[in-house]
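**Student:** Heads up, the sequence shown is in numbering that gives the first Met the number 0, so the first residue is 0 and it goes up one at a time. In this text, a Cβ means the ideal position worked out from N, Cα and C, and glycines have one as well.
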Amino acid sequence: MGVEFLLSPLPPPPFPPISSSFLARFDLCFLVFPAWLCCLGFLCLSKATSSGACKMERWGCKLYPDGHGRKTLLELVIEQFEDLLVRILLLAACISFVLAWFEEGEETITAFVEPFVILLILVANAIVGVWQERNAENAIEALKEYEPEMGKVYRQDRKTVQRIKARDIVPGDIVEVAVGDKVPADIRITSIKSTTLRVDQSILTGESVSVIKHTDPVPDPRAVNQDKKNMLFSGTNIAAGKAMGVVVATGVNTEIGKIRDEMVATEQDRTPLQQKLDEFGEQLSKVISLICIAVWIINIGHFNDPVHGGSWIRGAIYYFKIAVALAVAAIPEGLPAVITTCLALGTRRMAKKNAIVRSLPSVETLGCTSVICSDKTGTLTTNQMSVCRMFIVDRVEGDSCCLNEFTVSGSTYAPVGDIYRDDKPVKCCMYDGLIELATICALCNDSSLDFNETKGVYEKVGEATETALTCLVEKMNVFDTDLKSLSKIERANACNSVIKQLMRKEFTLEFSRDRKSMSVYCTPNKPSRTAMTKMFVKGAPEGVIDRCTHFRAGNMKIPLTAGIKQKIMTVIREWGTGKDTLRCLALATHDNPPRKEEMNLEDSASFITYETNLTFVGCVGMLDPPRIEVASSIKLCRQAGIRVIMITGDNKGTAVAICRRIGIFGEEEDVTSKAFTGREFDELSPAAQRDACMNARCFARVEPSHKSKIVEFLQSFDDITAMVSVQLGSHLLRQKSEMGAVVLADDNFSTIVAAVEEGRAIYNNMKQFIRYLISSNVGEVVCIFLTAALGFPEALIPVQLLWVNLVTDGLPATALGFNPPDLDIMSKPPRNPKEPLISGWLFFRYLAIGCYVGAATVGAAAWWFIAADGGPRVTYYQLSHFLQCKEDNPEFEGVDCVVFESPYPMTMALSVLVTIEMCNALNSLSENQSLLRMPPWENVWLLGSICLSMSLHFLILYVEPLPLIFQITPLNVTQWLMVLKISLPVILMDETLKFVARTYLEPGKDSRRRMYSVLFHSSLILVKTTTAGGFGEAGTNILRKP
């Protein structure tokens, strides 16, 4: 149908012009041409609207809105403060600011240090979080690269085709597309101006080979995109041919646009880590509130003590400040920053493995992935068609024949590989049949190889199937060309060029659907007796061999009998339906073709008459080969308890064959109820669909809607799903899955497996530094609680606690993120995402270590008051009632009350806290492995951070004016020796707890009796170590009342 007809004014349709929303719901591919043309209501094609202005006004602009669905900077900043722990810290900072404002005396300036440092760390944490999200790859915005910039349309203001911006194309426009074009909109084909039209739509449907299109209506109203052969989809590429059509959808109404809209509308659930940290923050906030209230209530009787001037209000405010200090001590201020830093470091390591993380918590989520949904094309396979097998006829044996079968190595477009026969490399120039086969592959071909210097890889120019033949010719090198001195660019088509210098292509009889073949008419560049005009043919084996009368065996031309034909077809059927499911092409010649003057090249229907009396030369079998590393990755997934599901748009036979080849299915495994097509899945009941998702490992011929439903079913099983794909249709699946924030730069299946392993290691390390920080904070809480409950002077003040939590503890905690992974990390099943961050046993360990830290810190301060040489040597009663110290109080006779404000006990307490935390960092190298099995030098970053933390502690002790700010003073050697005596037993204590865990707590078992036994024995160890292991006689004196 000509352009003139389409551009001529049409009578108004018997119904109003339809809207874009109707077009989005109604598919015109099922209607014959006049019906759907009328449906479009071409009122805007009249002469009055030749510029397209009316259509633009009616349909609007095509482009997606910039930044649609993208979060603003303010939204990202606010998100960083949604964590409950961060909000509690923010509240504590505000309260501290208010209290500091009313502070009197010398402490006015230092009082502002605490809230300022809290705000500083919160701002730094927010900056890191926002920076990570802004710099990570955005899957939604990435879709814009597939949007074409220009399109060719026919409009009445011009008689010829005009190029306009794709954004100005609207439904109803008549569009022309040709080889190399990117389709500018969803188009219903009206006419094909070439023998055939091939479209590469792998980015949308996942089909590994280009698709042949036609103009006939699609009879099946349930047809999926792969079966809509009369439609061109926006963003796909024209591989061969030329066609015209009418635009039926643009922008968000196209298939790609629908995917993008769904991605924007999809809200991603919070990751397991975020959920656990939320639960942990909620529990911690309740505990903190109870402890703070308890401390304040316990000290109500001291509100009127003389030290407060007899003012009940001043006493209440004083103990309220202690409660706030307790809150600061209880909250691990460094935890958000350390988690953010550790995850950011994890993202850098993963980025080196081509896994780009948009949301930091998603790093940890990878560790509990239980299902990986993977596309086939470009993910499990290379998306680079390669010839892997071929055969020629060797000799005749009666009414049968003997074939020479060869295998071909190499799975990419790189022209590197060898030809094998019986697993031994051969030289193709030794076989006449292979020389002729290579000649056909090189000449009956419109594609070539190109070396991309930027990427450093070979790429196809043209159609994938023909590029595979071009690459085969380079590997065969039938004329033994010297290739060593060639550059990579020159090497790309060197062997093909040699063949093309011998024969000249006169014209091509393009592929057509009826004969399922194409041919080229070639003449020799140098005519001779042996070099004659020939026609080389390639196509579907059943079509080509049916037109063969002879076959080539060596250099002989032998009649093709029924028995030999059956033998050849049997081998081809085995290749096409066996474990490989190869795409086979038969190669043949016409030794005496008609003269070109006798051929009607305008009538494609007559092409089949010229491709008769052919001589069969050989057959090649090709496939989109699996990536070399995929099989081992699949095996690793099986060991790790991760189910791999292939979800592809390719046909079921090919999908199952690839599954067998890479290990998803066994060689002889029955795939009944384990492999489904999209249509088979739709025909199942909801209950059967649920069972299918629970058991299946392969889904073929699927669309994005199927993928979305599969992910929803998997999520209903509490499976953590990850998606790997190069298809646009799978971006939505990624967004819906828990791994939506992880984008693979190379879309290689092995990358997601490596990322899962990294995620598991990160989670294990995260547990270690959380344990380290929490046990430190438990110790600080116990310290403040004991001093308040026992009536002791403050052992630690808020600014000291902040220093410990953010600086001295933060450095080793971050370094724990570099702990080496366990050797058997991928031999364990995925952990349950509902598994609590802190189990009962871990809580007991936190409590045990924390109690020792708190008792040791208070004990160190009490040691200076009671037993230290050079100390005041007061009694326990005097120490616990220091607030009643007055000159006229007989209980404090001979005691200078100023001694209770000495910086020495606070310095002892702080030094013990810092030293004991450094020892505790060494304990955190492994959850249950002894330091004898996992020595400190396994993590040199940790040793360095411990040295740096101790150096910083010496800095605030010995460099003015820092001691004044932190209200501490330098210690002598005797005092440092006591610090070590009190601190080092924590290593022995934790080693004992690790031994108990290894001995009594076997993985995977939950024995209540065993747990009670562990807790009982560990409690005895805790009591003995605390009372005698560190303090000796001093500890006994501290606990002994007068």
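#1: Assign residue 429 to one of two classes, buried (16 or more other C-beta atoms within 10 Å of its C-beta) or exposed (fewer than that).
#2: Per the DSSP calculation, residue 433 is bridged to which residue(s)?
#3: Note down the Cα distance separating residue 660 from residue 201, rounded to an integer number of angstroms.
#4: Per DSSP, residue 243 is paired with what?
#5: Entirely within the region 588-667 and at least 4 residues each: give me those alpha helix (DSSP H) ranges in chain order.
#6: Return the bridge partner residues of residue 236 from the DSSP annotation.
#7: Are the CB atoms of residue 232 and residue 176 nearer to each other than 9 Å?
#8: Give the C-beta separation of residue 406 and residue 394 to the nearest angstrom, bearing in mind that I take them to be a contact with Cβ-Cβ under 8 Å.
#9: In this structure, does DSSP put residue 91 in helix, strand or coil?
#10: Would you call the region 568-587 in contact with the region 604-622, where contact means no fewer than 3 C-beta pairs closer than 8 Å?
#11: Between which residues of its own chain and residue 129 is the CB-CB distance below 8 Å, once the five residues before and five after are set aside?
#12: Less than 6 Å between C-beta atoms, sequence neighbours within five positions excluded: which residues of the same chain meet that for residue 519?
#13: Round the Cβ separation of residue 241 and residue 164 to the nearest angstrom and send it over; I've been treating them as touching at under 8 Å.
#14: Compare the beta carbon distance of residue 824 and residue 642 with 9 Å and say whether it is the shorter of the two.
#15: Tell me the rounded alpha-carbon separation between residue 637 and residue 765.
#16: For residue 520, which beta-bridge partners are listed by DSSP?
#17: Once the 5 residues before and after residue 755 are set aside, which same chain residues still bring their CB inside 6 Å of it?
#18: In three-state terms, what does DSSP make of residue 555?
#19: Could you name each continuous alpha helix (DSSP H) segment of 4 residues or more that falls completely within the region 796-830, going from the start of the chain to the end?
#20: So, at 6 Å on beta carbons, what are the nonlocal neighbours of residue 151 in its own chain, with the 5 sequence-adjacent residues on each side left out?
#21: Mind checking whether residue 173 and residue 245 have CB atoms under 9 Å apart?
#22: Using DSSP's beta-bridge definition, name the partner residues of residue 390.
#23: Decide if residue 199 is buried, meaning its Cβ has at least 16 other Cβ atoms within 10 Å, or exposed.
#24: Helix, strand or coil: how does DSSP classify residue 162 here?
#25: Pick helix, strand or coil for residue 705, following the three-state DSSP scheme.
#26: Looking only at C-alpha atoms, which of 375, 82 and 774 sits nearest to residue 812?
#27: Beta carbon of residue 417, beta carbon of residue 352: below 9 Å?
#28: Okay, do the region 684-702 and the region 710-726 touch, 3+ Cβ pairs below 8 Å being the bar?
#29: Output yes or no for whether 9 Å exceeds the beta carbon distance between residue 988 and residue 847.
#30: Per DSSP, residue 449 forms a beta bridge with which residues?
#31: Whose C-alpha, out of 666, 668, 702 and 669, is nearest the C-alpha of residue 680?
#32: Using the Cα positions of residue 540 and residue 662, report the straight-line distance between them to the nearest angstrom.
#33: State the Cα-Cα distance for the pair residue 562 and residue 437, rounded to the nearest angstrom.
#34: Less than 7 Å between C-beta atoms, sequence neighbours within five positions excluded: which residues of the same chain meet that for residue 344?
#35: So, residue 699 versus residue 651, is the Cβ gap smaller than 9 Å?
#36: If residue 208 sits next to residue 463, beta carbons under 8 Å apart, how far is it from one beta carbon to the other, in whole angstroms?
**Tutor:** The answer reads as follows:
#1: To locate residue 429, count along the sequence shown from 1; it is residue 430. Exposed, since its Cβ has fewer than 16 Cβ neighbours within 10 Å.
#2: Here residue 433 corresponds to residue number 434 of the sequence shown, with the count starting at 1. Per DSSP, none; premise fails for residue 433.
#3: Residue 660 sits at position 661 when you count from the first residue of the sequence shown. Residue 201 sits at position 202 when you count from the first residue of the sequence shown. Approximately 21 Å between the Cα atoms of the pair.
#4: In the sequence shown, residue 243 corresponds to position 244, counting from 1. Its beta-bridge partners are 175 and 190.
#5: 606-609, 629-638 and 651-661
#6: By one-based count along the sequence shown, residue 236 stands at place 237. Beta-bridge pairing links residue 236 to 181 and 199.
#7: By 1-based counting over the sequence shown, the position of residue 232 is 233. By 1-based counting over the sequence shown, the position of residue 176 is 177. Taking 9 Å as the Cβ cut-off, residue 232 and residue 176 do not qualify as a contacting pair.
#8: Residue 406 sits at position 407 when you count from the first residue of the sequence shown. Residue 394 sits at position 395 when you count from the first residue of the sequence shown. In fact, because the Cβ distance is near 20 Å, the residues do not count as touching under 8 Å.
#9: Taking the sequence shown and counting its residues from 1, one reaches residue 91 at position 92. Here residue 91 sits in helix by DSSP.
#10: yes
#11: As a first step, residue 129 is located in the sequence shown; it is residue number 130 there, counting from the start. Excluding positions up to five away in sequence, the list reads 72, 75, 76 and 79.
#12: Counted from its first residue, the sequence shown places residue 519 at position 520. The residues are 442, 443, 504, 507 and 535.
#13: Start at 1 with the first residue of the sequence shown, and residue 241 comes out as number 242. Start at 1 with the first residue of the sequence shown, and residue 164 comes out as number 165. That belief does not hold up - the Cβ atoms of residue 241 and residue 164 are roughly 21 Å apart, past 8 Å.
#14: For the purposes of this step, residue 824 is taken as residue 825 along the sequence shown, with counting starting at 1. For the purposes of this step, residue 642 is taken as residue 643 along the sequence shown, with counting starting at 1. No, the pair does not count as a contact, with Cβ atoms beyond the cut-off.
#15: Here residue 637 refers to the residue found at position 638 when the sequence shown is read from its first residue. Here residue 765 refers to the residue found at position 766 when the sequence shown is read from its first residue. Cα to Cα, residue 637 sits roughly 25 Å from residue 765.
#16: In the sequence shown, residue 520 corresponds to position 521, counting from 1. DSSP, once it has assigned bridges, lists 506 and 534 as partnering residue 520.
#17: Position 756 of the sequence shown, counted from the start, is the residue given in the question as residue 755. The answer, listed in chain order, is 365 and 368.
#18: Within the sequence shown, the letter at position 556 stands for residue 555. Of the three classes helix, strand and coil, the one that applies to residue 555 here is strand, per DSSP.
#19: 797-802 and 809-814
#20: By one-based count along the sequence shown, residue 151 stands at place 152. Excluding sequence neighbours, residue 151 sits near 160, 162 and 175.
#21: Working through the sequence shown from its first residue, we reach residue 173 at position 174. Working through the sequence shown from its first residue, we reach residue 245 at position 246. Closer than 9 Å, so yes.
#22: In the sequence shown, the residue the question calls residue 390 occupies position 391. Bridge partners of residue 390: 404 and 618.
#23: Within the sequence shown, the letter at position 200 stands for residue 199. Residue 199 should be labelled buried.
#24: Along the sequence shown, one-based indexing puts residue 162 at 163. Three-state DSSP puts residue 162 in a strand.
#25: Here residue 705 refers to the residue found at position 706 of the sequence shown. Three-state DSSP puts residue 705 in a helix.
#26: By 1-based counting over the sequence shown, the position of residue 812 is 813. Among 375, 82 and 774, the Cα nearest to that of residue 812 is on 774.
#27: Position 418 of the sequence shown holds residue 417. Position 353 of the sequence shown holds residue 352. No, Cβ-Cβ distance for residue 417 and residue 352 is not below 9 Å.
#28: yes
#29: As a working note, residue 988 is residue 989 in the sequence shown. As a working note, residue 847 is residue 848 in the sequence shown. Cβ distance < 9 Å, so residue 988 and residue 847 count as in contact.
#30: Residue 449 sits at position 450 when you count from the first residue of the sequence shown. Answer by DSSP bridge pairing, in chain order: 458.
#31: The residue you call residue 680 lines up with position 681 of the sequence shown. Looking at the Cα atoms, 702 is the closest of the given residues.
#32: In the sequence shown, the residue the question calls residue 540 occupies position 541. In the sequence shown, the residue the question calls residue 662 occupies position 663. Answer to the nearest angstrom: the Cα atoms are 29 Å apart.
#33: Within the sequence shown, the letter at position 563 stands for residue 562. Within the sequence shown, the letter at position 438 stands for residue 437. Answer to the nearest angstrom: the Cα atoms are 26 Å apart.
#34: Taking the first residue of the sequence shown as 1, we reach residue 344 at position 345. Closer than 7 Å at the Cβ level, and outside the excluded window around residue 344, lie 816.
#35: Locating residue 699 in the sequence shown gives position 700, counting from the first residue. Locating residue 651 in the sequence shown gives position 652, counting from the first residue. In contact: residue 699 and residue 651 (Cβ atoms closer than 9 Å).
#36: Stepping through the sequence shown from its first residue, residue 208 is reached at position 209. Stepping through the sequence shown from its first residue, residue 463 is reached at position 464. Confirmed, Cβ separation roughly 6 Å.
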